[in-house]
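The next block holds one structure in the form of structure tokens; read it before the comments.
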Amino acid sequence: MPAATAAGGHPADHAAAPLLRLIDIDKSFPGVHALRSVSLDIHAGEVHVILGQNGAGKSTLIKTLYGAHAADKGHIEVEGRRVAVARPADASALGIAVIFQEFSLVPYLDIAQNIYLGREAAFARFGLIDSAAMHAAARTILDDLGLDYDTHAYAADLGVAQQQMVEIAKALSQNARVLVMDEPTAAISEREAERLFATIARLTQKNVAIVYISHRMKEVQMLGDRITILRDGAVVTSVLRDEMSQTEMVGAMIGRPSGSQLARTPRAPGDPILFARGISTAKLSDISIEIRAGEVVGLAGLVGSGRTEVVRALFGADPITGGEIALSGSRAPTTLDARVRAGMALLPEDRKREGLALPLDIRDNATVASLWRRFTSGWFSPAAAERDTRGLIAQLGIAAHGTHQTVRTLSGGNQQKVVLAKWLAAGSRLFLLDEPTRGVDVGAKAEIYRLIDQLVDGGAGVVVISSELPELVQLCDRAYVMRDHRIVGHLDDDALTERAILELVVHQ
Amino acid sequence: MTIPATLDTRSPSLSPDALALLGRLILIVLIAGALTAVDPGFASVSNLLNMLRQASLLFLVASGLTLVIIGGGLDLSVGSNLTLSACLAAAAIKTTGNPWYGVAVAVTSGTLIGFTNGLMINRLRLPPFLATFGMLWVAQGAAYWFMAGQTIYGMPMSFRYFGTGFFLGVPLPIWITLVVCVVCSIILHRTTFGREAYFMGANQTAALLSGIAVERRRLLLYVLSGLTAGIAALVYLARLNAAEPGIGEPLLLPAIAAVLVGGTSLFGGSGNIVGTVLGAILLTIIVNGLNLLNVAATWHPFVNGAVVLIAILADFIVSRRRSESG
């Protein structure tokens, strides 16, 4: 279809016409239907909050809007005219700017240079950059935002909140009319957040539209003129602020009522395997956790709430600054390799970077954690390792040509099974599973669930981190809920529901 | 899944590693054949043994380096380690008249330098390039200071046997190479330490999170590299019959070249010691051939560089094709 066709958009209906419209946007990735026919109207001068759980499709939506992903179906209209957004540059030209959570400022350029990075030509005079003019222009924009920053300050010397403001200034300098902010308060203090809200108010007065991604109920209530709730890649509802209560919003985020969930088979846990009291690290404070033999314990919370940090601290991968960890009743050894020998296992969130040696074969990967145990003398027998690996491949149903296939060429689910195989071989008794089913297909997912059941039946303790609440509720006997690097709740038995987790997570 | 895991039906002789070695062997035979065609003298037993002896010296410096590189590290200090160890050993032999003191001194100093490298990388968290680059200058400087402008020469015949002697008609350095090669090969393929080294080289973070005591293994790798540099120092000293602070420096780059031409990836996690043997032979045979063809010495580095590049490129293309074909 030719991109330049200007469909619809009759000048007559412009009074209430939205500034930006997404129409029936559909996007799939292998194995995931990320966006299902999403339509969204963004009006000038309003704050439009997009609310949804992890994996609801918020990031994909932003990336599609910004031209980082191409939509499979649907199109985008600006002021009633159909536009093609194939690249971030297209979005910029249309006045759409995104403030991501990770900033893109260059540390050793000053504020003015960062704002006009790549567009210095506008200040060219006799082939040189007129620095004074550039700083003057930057000054005007900062003044507009009510910011008194020195335009000569280096980005490296700015705090997170200040960098965020410079990003906003940069967007405005490009005449942004739609400003998308991805969880802008995630990394800044409450006072800084208030300044941000003031800036947002200023911008909406100037008729800039703000698309505000968040899951903090307080901010949603305070800022949002219109609120769109996404779930499983589809728009559940789009309402004005006063049309819906907070509880209804939480309900819309989780979807099915909590009564409908499948019944768990109650398990009878045995003795404690791990007991952690008051653990603190650089990124955690006062974490206390107990895991017993024969139970699955969940760690719920948003990405960045400290879930991964907890399992890393328990595993010995991050140094702890306070508190104590006991393994099977005695003090846990300090080093990671000693903890592995004491029966701990970690299935990391990023299996390619942290779990596997991709260029090596299945045998090398599946036996690496058990070499100390299998070959106590230090002499390695390829034949024995070969036999063991074949056994593991059969036990876990890994689909592979043989023991010498490089793990790089395996599918996500089979790679995950190799990581699990490594720990099965090591005879681990405490499994820390960080997002064990992320990026694996449905079949492998079911097998991983089955395997977790087997482990627990065999007397192992299992910790599961998952962003998928139904999975967590289904899989776990009980769960700790985390927010802002702390444990804020513990749910078990009938109290462990999606709604209860979500309410603790969004802090009502 | 109900599909049973099929067993590996490929014969082990066709493994990619074996293929890479076979390719290099064929290349060596082809070059040797071509050179024999130009000058039949090339194929004489004495010339071949002479060439292999030269290659042995290069291999000995490169052997420990191969282990370090497979484990994901780098040791730039092997050349100056050889220098310092040779100078110290020469002095020990000269003063005591007993070659075994020299052996003890060279082995100790080589090992200590390797140990220090490992310690710097583990404790000071220095990147291997920087730590061993620093050690390169320190050892070199120590050798200059120790020798104070002198050259020590005239080793006893009993010692020179290591570099110039024959056993069963084969020069001693070739025997030493054979032993070192077999030992390294056993370490890499038949010990848990060797398997862990490959894993560390392929993904250090995953190695750590799999419970490998990465720091201790790394220390041992650098100690082994230092040890082989010390052994190489003894063979050099025995062969040259003299020690001065300039002997080791020109060896570093050829040693790295031998490792790379042998098919070991500079990024770690792949390669093997037999490859380094073939790499050393290939580089030596090429220099020998250039001499035979009366190519001016100024061109030698150029040709060596081209060989290194071609070898790396060939491996790169093969491995990329393999990962694409899945």
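Line order of the protein sequences matches chains A and B. Counting from 448, one number per residue, gives the positions in the first sequence under the numbering used here. Counting from 6, one number per residue, gives the positions in the second sequence under the numbering used here. The C-beta atom is built at its ideal place from N, Cα and C for all residues, glycine as well.
Find out if the Cβ-Cβ distance for the pair Ala234/B, Gly69/B is shorter than 9 Å.
-> To locate residue 234/B, count along the second sequence from 1; it is residue 229. To locate residue 69/B, count along the second sequence from 1; it is residue 64. Less than 9 Å divides the Cβ of Ala234/B from the Cβ of Gly69/B.
His495/A, enclosing beta strand (DSSP E) - first and last residue = As a working mapping, residue 495/A is identified with position 48 in the first sequence. Element bounds for His495/A: 494-498.
Look at the alpha carbon of Val952/A and the alpha carbon of Leu749/A, and state the distance between them as a whole number of angstroms.
-> Taking the first sequence and counting its residues from 1, the one referred to as residue 952/A is at position 505. Taking the first sequence and counting its residues from 1, the one referred to as residue 749/A is at position 302. When only Cα atoms are considered, Val952/A and Leu749/A end up about 7 Å apart.
Hey, could you find the ends of the alpha helix (DSSP H) Thr507/A is sitting in?
-> The residue you call residue 507/A lines up with position 60 of the first sequence. Here the alpha helix (DSSP H) through Thr507/A covers 505-512.
State the Cα-Cα distance for the pair Val887/A and Gly844/A, rounded to the nearest angstrom.
-> The residue given as residue 887/A occupies position 440 in the first sequence. The residue given as residue 844/A occupies position 397 in the first sequence. Per the coordinates, the alpha-carbon of Val887/A lies some 14 Å from the alpha-carbon of Gly844/A.
Which residues, in chain order, does the stretch 179-210 of chain B contribute to contact with chain A at a C-beta distance below 8 Å?
-> Within the stretch 179-210 of chain B, the qualifying residues are His194, Arg195, Thr196, Thr197, Phe198, Gly199, Arg200, Glu201, Tyr203, Phe204, Ala207, Asn208, Thr210.
Using a Cβ-Cβ cut-off of 9 Å, state whether Ser85/B counts as contacting chain A.
-> Within the second sequence, the letter at position 80 stands for residue 85/B. For Ser85/B, not one C-beta of chain A is nearer than 9 Å to its own C-beta.
How many Å lie between Asn296/B and Cys186/B at the Cα?
-> The count along the second sequence starts at 1 and reaches residue 296/B at position 291. The count along the second sequence starts at 1 and reaches residue 186/B at position 181. In this structure, the straight-line span from the alpha carbon of Asn296/B to that of Cys186/B is close to 28 Å.
Let me know the alpha helix (DSSP H) ranges lying completely inside the stretch 864-952 of chain A, each 4 residues or longer, listed in chain order.
-> 889-904, 916-922, all fully within the stretch 864-952 of chain A.
Is the beta carbon of Leu650/A less than 9 Å from the beta carbon of Leu626/A?
-> Counting from one through the first sequence, the residue named residue 650/A turns up at place 203. Counting from one through the first sequence, the residue named residue 626/A turns up at place 179. A contact, by the Cβ cut-off of 9 Å.
Of all the CB atoms in chain B, is at least one closer than 9 Å to the CB of Gly455/A?
-> Walking along the first sequence from the start, residue 455/A turns up at place 8. Because Gly455/A carries a pLDDT of 38, less than 50, the predicted location of this residue cannot be relied on, and the following value inherits that uncertainty. Output row for Gly455/A: interface = no.
Cβ neighbours of Ala623/A in the same chain (closer than 6 Å, five flanking residues each side left out) | For the purposes of this step, residue 623/A is identified with residue 176 of the first sequence, where counting begins at 1. Result list for Ala623/A: Gly542, Ala544, in chain order.
Compute the Euclidean distance between the alpha carbons of Pro176/B and Leu256/B, then round it to the nearest angstrom.
-> On the second sequence, position 171 is the one that residue 176/B refers to. On the second sequence, position 251 is the one that residue 256/B refers to. Distance from the CA atom of Pro176/B to the CA atom of Leu256/B, rounded to whole angstroms, is 21 Å.
Which residues, in order along the stretch 215-227 of chain B, keep a beta-carbon less than 7 Å from a beta-carbon of chain A?
-> Here the close residues are Ser215, Gly216, Ile217, Ala218.
Say whether chain A places a C-beta atom closer than 9 Å to the C-beta of Leu213/B.
-> As a first step, residue 213/B must be located in the second sequence, where it is residue number 208. True, the Cβ-Cβ gap to chain A drops below 9 Å.
Considering only C-alpha positions, which residue in the set Arg933/A, Ala559/A, Lys474/A is nearest to Tyr601/A?
-> Here the question's residue 601/A lines up with position 154 in the first sequence. Measuring from the Cα of Tyr601/A, the nearest candidate turns out to be Ala559/A.
Proximity test, Cβ basis, 9 Å: Gly274/B and chain A | Your numbering for residue 274/B matches position 269 in the second sequence. Answer yes: the Cβ-Cβ gap between Gly274/B and chain A drops below 9 Å somewhere.
Find out if the Cβ-Cβ distance for the pair Arg933/A, Ile734/A is shorter than 9 Å.
-> Along the first sequence, one-based indexing puts residue 933/A at 486. Along the first sequence, one-based indexing puts residue 734/A at 287. For Arg933/A and Ile734/A, yes; Cβs fall inside 9 Å.
Listed by chain order, chain B residues near Gly825/A by CB distance under 9 Å = As a working note, residue 825/A is residue 378 in the first sequence. Gly825/A reaches chain B at Thr196, Thr197, Phe198, counting residues in chain order whose Cβ is nearer than 9 Å.
Got a sec: is the Cβ-Cβ distance from Ser20/B to anything in chain A below 9 Å?
-> One-based indexing of the second sequence puts residue 20/B at position 15. Residue contact check for Ser20/B against chain A: a CB pair falls below 9 Å.
Opposing strand residues paired with Val545/A [DSSP bridges] = Walking along the first sequence from the start, residue 545/A turns up at place 98. DSSP lists Val627/A as partners of Val545/A.
Burial state of Val607/A, where buried means 16 or more other Cβ atoms lie within 10 Å | One-based indexing of the first sequence puts residue 607/A at position 160. Result: exposed.
Rounded separation between Gly521/A and Ser620/A - CA only = As a position in the first sequence, residue 521/A is number 74, starting the count at 1. As a position in the first sequence, residue 620/A is number 173, starting the count at 1. Ser620/A has its alpha-carbon roughly 30 Å from the corresponding atom of Gly521/A.
Say whether chain B places a C-beta atom closer than 9 Å to the C-beta of Leu803/A.
-> What you label residue 803/A is simply residue 356 of the first sequence in a count that begins at 1. Chain B contact via Cβ: present.
Checking contacts by CB at 9 Å: is Val787/A closer than that to chain D?
-> Absent here is chain D; the protein component of the structure consists of chains A and B.
Rounded Cβ spacing between Glu868/A and Ala813/A (contact assumed at less than 8 Å) = The count along the first sequence starts at 1 and reaches residue 868/A at position 421. The count along the first sequence starts at 1 and reaches residue 813/A at position 366. The amino acid at residue 868/A is misidentified as Glu; the sequence shows Ala. At roughly 4 Å, the Cβ-Cβ gap stays under 8 Å, so Ala868/A and Ala813/A are in contact.
Using the C-alpha atoms, what's the distance from Ile261/B back to His848/A?
-> Against the first sequence, residue 848/A aligns to sequence position 401. Against the second sequence, residue 261/B aligns to sequence position 256. If I take the Cα positions, the gap works out to 35 Å.
Distance between Val553/A and Gly706/A (C-alpha atoms, nearest Å) | Looking up residue 706/A in the first sequence gives position 259. Looking up residue 553/A in the first sequence gives position 106. Annotation note: pLDDT 45 at Gly706/A (below 50); position unreliable, no value reported.
C-alpha gap between Arg724/A and Gly936/A, whole angstroms = Stepping through the first sequence from its first residue, residue 724/A is reached at position 277. Stepping through the first sequence from its first residue, residue 936/A is reached at position 489. Looking at the backbone, the Cα of Arg724/A and that of Gly936/A are separated by about 15 Å.
Leaving out five residues before and five after Glu833/A in sequence, what residues of the same chain have Cβ atoms less than 7 Å from its Cβ?
-> The count along the first sequence starts at 1 and reaches residue 833/A at position 386. These residues qualify, in order along the chain: Arg810, Thr850.
Should the stretch 83-93 of chain B be regarded as contacting the stretch 134-148 of chain B, the criterion being three or more beta carbon pairs within less than 8 Å?
-> For the pair of segments examined, the stretch 83-93 of chain B was found to touch the stretch 134-148 of chain B: the number of CB pairs separated by less than 8 Å reaches three.
With distances taken Cα to Cα, identify the nearest neighbour of Gly115/B among Gly76/B, Leu288/B, Val323/B, Leu229/B.
-> Taking the second sequence and counting its residues from 1, the one referred to as residue 115/B is at position 110. The candidate whose alpha carbon is nearest that of Gly115/B is Leu229/B.
Measure from the C-beta of His599/A to each C-beta in chain B and report whether the shortest distance is under 9 Å.
-> For this step, residue 599/A is matched to residue 152 along the first sequence. It does not: the Cβ of His599/A has no partner Cβ on chain B nearer than 9 Å.
Arg837/A: which of Val865/A, Ala760/A, Thr823/A sits nearest, CA to CA?
-> For the purposes of this step, residue 837/A is taken as the residue at position 390 of the first sequence. Ranking Val865/A, Ala760/A, Thr823/A by Cα distance to Arg837/A puts Val865/A first.
Contact set for Gln609/A: own chain, Cβ-Cβ below 8 Å, skip 5 residues either direction = On the first sequence, residue 609/A is found 162 positions in, with the first residue counted as 1. The residues are Tyr596.
Specify the secondary structure class of Tyr555/A as computed by DSSP and reduced to three states.
-> Locating residue 555/A in the first sequence gives position 108, where the first residue counts as 1. In this structure, Tyr555/A counts as coil in the three-state DSSP scheme.
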